[in-house]
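As structure tokens, the structure follows; a few thoughts come after it.
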Amino acid sequence: MQELIAGVEKLVFDLERDVEHQRGALLLPFPGMDKSGASVCEFFLRGLCAKGLMCPFRHISGEKTVVCKHWLRGLCKRGDLCEFLHEYDMAKMPECYFYSKFGECSNKECPFLHIDPASRIKDCPWYDRGFCKQGPLCKYKHTRRVMCVNYLAGFCPEGPKCKFICRALPGNSVTPVLP
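The sequence shown begins at 1 in UniProt numbering and counts up one residue at a time.
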């Protein structure tokens with residue numbers, strides 16, 4: 001009887017060998033699984049990754065311009081499929097709800113963007129062309145612009161740092177005079 005029990009220790013099942021060598025082991029395909037700890041898939045960036053959801057690396061598509069407000073609270077369920085950024089970037093934070101709704105935010109350390117309501121108003125295309133018949137009652141912004149004299153003469157040495165307009169405005173047919 002002891003010989004039967006002693007012989008069992010030397011037995012190795014196929015399943016044990018498969019587990020030991022990780023045969024057939026693949027990642028579980030959970031769509032939307034957040035794999036933020038993994039690096040970005042270089043093959044996917046070049047359009048060559050054939051693994052799809054089975055790939056252990058992150059597949060990020062497109063330029064994500066705003067941080068996900070749900071991710072900030074740890075509640076985003078979309079993972080890599082989310083169209084918003086899952087990365088803390090102050091320049092790409094979403095807009096503060098309280099500041100946009102009430103014009104003020106009581107949180108002194110608010111991480112969200114406080115956008116001035118006046119900056120949302122689009123420029124008046126008629127005023128930009130020279131005259132707006134609505135005048136001060138116009139719902140668009142009337143911004144006084146001064147053309148750069150150097151640009152009109154042919155060249156502005158200040159380039160993009162110039163405080164005047166060094167480009168042709170839309171609908172304006174001003175062309176610089178060349179010597």
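Note that beta-carbon positions come from the ideal geometry of N, C-alpha and C, so glycine has one too. Just so you know, these numbers come straight off a predicted model, no measurement behind them.
Alpha helix (DSSP H) segment containing residue i, residue limits
i           : result
residue 129 : 125-129
residue 218 : Only positions 1 to 179 of the chain appear in the structure, and residue 218 is not among them; the question remains open.
residue 101 : 97-102
residue 146 : Per DSSP, residue 146 belongs to no alpha helix (DSSP H) and is neither H nor E.
Close Cβ partners of residue i (< 6 Å) along its chain, the five nearest in sequence each way excluded
i          : result
residue 34 : Reliability fails at residue 34, whose pLDDT of 43 lies under 50, so the model's placement of it is uncertain and the value that follows must be treated cautiously. Excluding positions up to five away in sequence, the list reads 79.
CB-CB length for residue i against residue j, believed under 8 Å
i           : j           : result
residue 181 : residue 139 : Look at the range of the chain in this structure, 1 to 179, and you will see that residue 181 is not part of it.
residue 64  : residue 83  : 7 Å
Minimum C-alpha distance to residue i - residue among the options
i           : options               : result
residue 97  : 15, 115, 87 and 71    : 115
residue 110 : 151, 95, 127 and 57   : 95
residue 121 : 154, 130, 129 and 143 : 143
residue 164 : 156, 148 and 153      : 148
residue 100 : 92, 119, 91 and 14    : 119
residue 128 : 155, 11 and 146       : 146
residue 91  : 71, 135, 102 and 113  : 113
residue 89  : 72, 10, 103 and 102   : 72
Check whether residue i and residue j have beta carbons under 8 Å apart
i          : j          : result
residue 66 : residue 85 : yes
residue 76 : residue 55 : no
Proximal residues to residue i (C-beta, below 7 Å), its chain only, five neighbours per side dropped
i           : result
residue 132 : 124, 126, 138 and 142
Neighbourhood of residue i by C-beta distance below 8 Å, restricted to the same chain and skipping five residues each side
i           : result
residue 159 : 166
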